[in-house]
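Numbering (mature numbering (1 follows the signal peptide of the UniProt record, and there is no 0)), first residue to last: -22 to -1, 1 to 180. Even glycine gets a Cβ: it sits at the ideal position worked out from N, Cα and C. This one's a predicted model, so the numbers in the text were calculated from it and none came from an experiment. Everything on this sheet refers to the single structure shown next.
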Amino acid sequence: MRKIIGAIFTFMSLAIVFSACGGETYADKLKKEKKGIDRFISDNKITTRGTYPTDHKFAENEYYLDQNTGIYFRVIDPGNDDKPVKGKTDVYLRYENILNLLNENDTIATNNFQGSFMTFRYGNSSTYMGSSTSTTYQLQMYYFLSQACVLPLEQGLGNGAEVSLIVPFANGSTYQQANYIPMFYGRLRYQFTLDETEETKE
């Protein structure tokens, strides 16, 4: 009986080992992501820079690479002189042409400029991710809202600004992190609203 039990445990152990060997590791997912991003950059003749331009002006197909996050972005329009205020400004986002960079033929979203917006409170990191999928509004936040969407604003962009983003999954949306998918945002537009209640407290 002991031999039979021992054989069963040996078989189970081997099955677990082979199962683990056959699965993708986190390092494998990172390599796959890097390959997808590098391919997209090459195919679209994108150039990168390590310093952000103080005038917000980028050459055609030029992106700034933030070394701390691996996020690439370029400014299409820096917006006006109205800047977001931390803890007081509600930011509304609309987007266009979002791609899955593991498969460039996979367009996740096309044009949201006439649809419902995403939103977060600037300076409140708890609002930078979506977790629920119960409504269409919450679903798009789950898929597309992330810290990466906030990063360009930290460079001093104003109301009405538009950017383009390449977002690795580690700093991406809840959906990206759950599925290890890097994304490209062809266009992301910001609109601000200052919380008047907060403003009157001062």
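Since residue i and residue j should fall inside the 8 Å C-beta cutoff, what is the C-beta to C-beta distance between them, to a whole number of angstroms?
i    : j    : result
L143 : A156 : About 19 Å; that fails the 8 Å criterion.
D55  : G164 : No, D55 and G164 are not in contact; Cβ-Cβ is about 14 Å, not under 8 Å.
Which two residues bound the contiguous alpha helix (DSSP H) that contains residue i?
i    : result
Y30  : It is not in any alpha helix (DSSP H) - Y30 carries neither H nor E in the DSSP assignment.
T114 : T114 to F122
V128 : Q125 to V128
Q169 : Not the alpha helix (DSSP H): Q169 falls in the beta strand (DSSP E), residues M161 to L172.
Y42  : That residue, Y42, is in no alpha helix (DSSP H); its beta strand (DSSP E) goes E40 to L43.
Y153 : T152 to N157
Verify whether the separation of the beta carbon atoms of residue i and residue j is less than 8 Å.
i    : j    : result
Y168 : V53  : no
Q154 : Y30  : no
K66  : L172 : yes
F170 : P160 : no
L79  : F162 : yes
G108 : T152 : yes
N58  : G136 : yes
P130 : V141 : yes
F122 : I49  : no
S112 : N149 : no
S110 : Q116 : yes
Y11  : Y158 : The sequence shown places Glu at residue 11, not Tyr. Yes, these two residues count as a Cβ contact at 8 Å.
Return the first residue and the last residue of the beta strand (DSSP E) that residue i is part of.
i    : result
A5   : Not the beta strand (DSSP E): A5 falls in the alpha helix (DSSP H), residues Y4 to D21.
N75  : T67 to N78
C83  : Note on identity: in this sequence residue 83 is Asn, with Cys being the wrong assignment. Where N83 is concerned, there is no enclosing beta strand (DSSP E), given that its DSSP letter is neither H nor E.
T97  : M96 to R99
F51  : Y50 to D55
E140 : E140 to V145
Requested in this report: Please confirm if the stretch 99 to 112 is in contact with the stretch 18 to 27, defined as three or more CB-CB distances below 8 Å between the two stretches.
Outcome: no
Query raised in the report: Counting Cβ pairs closer than 8 Å, one from the stretch 71 to 78 and one from the stretch 86 to 97, do we hit at least three?
Result: yes
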